[in-house]
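Have a look at the structure below, then the notes.
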């Protein structure tokens, strides 16, 4: 079995942050905040080509963020399902789920987040992605179901918090949006914990609200939507404890913990895909 891999910040970036911090902590924090908004782009692997080639591509302008996003659609006459990928992913990354949902007659939509894949811009943040989800809900929805991986799960849940309605929802390997997320980033980027509050202030000035306002738990507490939560116990990107804590706050939640699938392979595991499709159908 392949070892579980996690995204790592390149050494040259860590060194550049430390260099700036030697002269000015404020400058280093601003640079770190900028880096926090830049996803790493990866080449689309061959396994995603079938979905990419068989889907209808369309760029949609999202006025709320002044950016264009690439959307992918597998047409069908059944319920509409929206797939939202995670950080540094692609709209085609959830190809296995898209294919099986389509086989069951569902009309499947996914999209490249801003600054990802073929969408515009080089930077984005969770609040911006939430606005994209809500805009798509208005333009091509409403959606019957929503499935989100990693931060995609956070974004669909916040869409619910802002008024969108779904019959069922699925989150896969989703984190909490809180101070701990930024503590982890501070550590990885090479800054000391004393810079944390300054980084949080920069985030608040950019999005107009505190970090915790987008936390998945806040959304779970107000949700009456049946929700399936999936996570792997060896996820090195997002600890499984996140979902173990989240499930406590759902009124209609179900938690499935898997083994040996890490943070991304879980998306294309046949048993996981089957569990998701069965949950949506039944």
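Numbering (my numbering), first residue to last: 5 to 286. Every residue, glycine too, gets a C-beta built ideally from N, C-alpha and C.
Cβ-based neighbour list, residue i, same chain, cut-off 8 Å, excluding 5 preceding and 5 following
| i | result |
| --- | --- |
| residue 80 | 106, 109, 110, 111, 112 |
| residue 141 | 86, 147, 163, 168 |
| residue 201 | none |
| residue 92 | 11, 43, 44, 45, 46, 120 |
Distance CB(residue i)-CB(residue j) smaller than 8 Å
| i | j | result |
| --- | --- | --- |
| residue 180 | residue 151 | no |
| residue 284 | residue 103 | no |
| residue 239 | residue 267 | yes |
| residue 37 | residue 21 | no |
| residue 46 | residue 75 | no |
| residue 68 | residue 143 | no |
| residue 223 | residue 165 | yes |
| residue 228 | residue 255 | yes |
| residue 193 | residue 13 | yes |
| residue 274 | residue 232 | no |
| residue 183 | residue 34 | no |
Residues sharing a beta bridge with residue i, DSSP
| i | result |
| --- | --- |
| residue 221 | Residue 221 is not bridged to any residue. |
| residue 257 | 231 |
| residue 246 | Residue 246 is not bridged to any residue. |
Cβ shell of residue i (< 6 Å), same chain only, five flanking positions each side left out
| i | result |
| --- | --- |
| residue 119 | 43, 125, 126, 127, 128 |
| residue 8 | A caution first: residue 8 carries a pLDDT of 40, below 50, which makes its placement in the model unreliable, though a value can still be read off. Here the set comprises 238, 240, 266. |
| residue 83 | 110, 148 |
| residue 286 | none |
| residue 246 | 179, 180 |
Contacts around residue i, its chain only, beta-carbon distance under 7 Å, and the 5 residues preceding and following it disregarded
| i | result |
| --- | --- |
| residue 17 | 39 |
| residue 270 | 176, 177, 234, 236, 262, 276 |
| residue 65 | 72 |
| residue 244 | 235, 236, 237, 261 |
| residue 287 | This structure does not reach residue 287, given that the chain is present from 5 up to 286, and the question cannot be answered. |
| residue 288 | Because the chain here runs from 5 to 286, residue 288 falls outside it and cannot be looked at. |
| residue 121 | 74, 94, 95 |
| residue 190 | 197, 199, 200, 203 |
| residue 130 | 155, 158, 159, 181, 218 |
is_contact[residue i, chain D] using C-beta, thresh 8 Å
| i | result |
| --- | --- |
| residue 87 | Of the chains in the structure shown, none is chain D; there is only one protein chain. |
Segments of 3+ residues assigned as beta strand (DSSP E) that fall wholly inside the stretch 114 to 202: 149 to 153, 172 to 176
Length-filtered (4 minimum) alpha helix (DSSP H) runs lying within the stretch 53 to 122: If we require 4 residues or more, the alpha helix (DSSP H) runs fully inside the stretch 53 to 122 come out as 53 to 58, 99 to 107.
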